[in-house]
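In the numbering used here, the protein residues as written are 319 to 697.
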């Protein structure tokens, strides 16, 4: 069976049904089979019940004009003859495992057959929640019409979104491992940082395809409310990816290498102070050489060590953007304080005017009281 050859031509490299589970939801008890799918860039799993396999068998036969290369296992395995009154959910674990093996052989036969018509149908891809071939293989050119993600079905879109969330969690763990290696001055930190950058680029690419696929879902008749909900999900996802990008461009500022307290203090020094010391020439010793690895190593920090030239430029730009943001926030705070001071000044002027009017009224009343006292004395 030319399984490896046919899998190499398809986006799905391998498929298996490793487990089954008894599920009870809303009073509906059934058996769900876990389908593990391996793609060139990732692996994921979906759950389907036997009725979905049976419906797929009928859809493939109707769409291709012929039944799939392997027969679908019967609803009840051969051992069911000993218990003919048992339903699917009442089968023993051994009987369910027998059915699971038959379903796995059925799927692998479709994937490994030389005739690709069954595995190329939309029904088969929707059943596995598989993304389009050009999306996962990465063999297409970037200018591929800009709509490569439009072939996602609704279920495949949800599966891809969940896969991106898992990839983000793995990237966050990779970045944490890189930081730990940097703190320990480990030589493997550079390789871990490179792995994180590769994962980040893949995340950005796949999130862009996920966002573009919403246009295809809209053309297929998805409701506006669902489109808005998924658009908000993509925006939140891209925001988290952007945060991971900032984390990938930074590094821990506290080191614990074997260089002693002076080296620790130098590494703990904030970037602004380090840059000031570098530009002003405020070093403990004068430079002794211009060329060579020693001069280059003296400029390295835990933040720049895992980065290439482009990464250093991005880190510098990030520092400048952060300073601009803080300056804008400070300017806005000063503007608010000035506005508040002007309001207080206006209120004080108004209160002063009221006090002047009160004083004038008091003088007038006192004058009238004096005149009244004089008249009383004459009387």
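In this text, a Cβ means the ideal position worked out from N, Cα and C, and glycines have one as well.
Alpha helix (DSSP H) segment containing residue i, residue limits
i, result
"residue 361", "Here residue 361 belongs to no alpha helix (DSSP H); instead the beta strand (DSSP E) covers 361-367."
"residue 559", "542-566"
"residue 410", "No alpha helix (DSSP H) contains residue 410, which DSSP labels as neither H nor E."
"residue 497", "472-501"
"residue 509", "507-537"
"residue 697", "That residue, residue 697, is in no alpha helix (DSSP H); it is neither H nor E in DSSP."
"residue 446", "440-446"
DSSP bridge partner residues for residue i (one or two, in chain order)
i, result
"residue 687", "In DSSP, residue 687 forms no bridge with anything."
"residue 352", "337 and 365"
"residue 347", "342"
Own chain, CB closer than 6 Å to residue i, minus 5 neighbours either side, in chain order
i, result
"residue 470", "531"
"residue 675", "none"
"residue 339", "350"
"residue 364", "353 and 447"
"residue 427", "387 and 388"
Residue i, DSSP secondary structure in three states
i, result
"residue 331", "coil"
"residue 424", "helix"
"residue 383", "coil"
"residue 621", "coil"
"residue 640", "helix"
"residue 588", "Low confidence applies here, because residue 588 scores a pLDDT of 47, under 50, leaving its location unreliable and the question unanswered by this model."
"residue 357", "coil"
"residue 673", "helix"
"residue 388", "coil"
"residue 656", "helix"
"residue 681", "helix"
"residue 433", "coil"
"residue 666", "helix"
"residue 372", "helix"
"residue 377", "helix"
"residue 692", "helix"
Contacting residues, own chain, Cβ-Cβ under 8 Å from residue i (five flanking each side not counted)
i, result
"residue 513", "492"
"residue 689", "none"
"residue 372", "390 and 393"
"residue 474", "443, 444, 447, 448 and 449"
"residue 521", "482, 485, 486, 489, 559 and 562"
"residue 556", "525 and 529"
"residue 361", "354 and 355"
Own chain residues within Cβ distance below 7 Å of residue i, not counting five before or after
i, result
"residue 441", "374, 377, 378 and 381"
"residue 490", "562"
"residue 558", "486"
"residue 670", "none"
"residue 567", "629, 632, 633 and 636"
"residue 506", "499"
"residue 421", "335, 351, 371 and 391"
"residue 678", "none"
"residue 331", "325, 356, 357 and 358"
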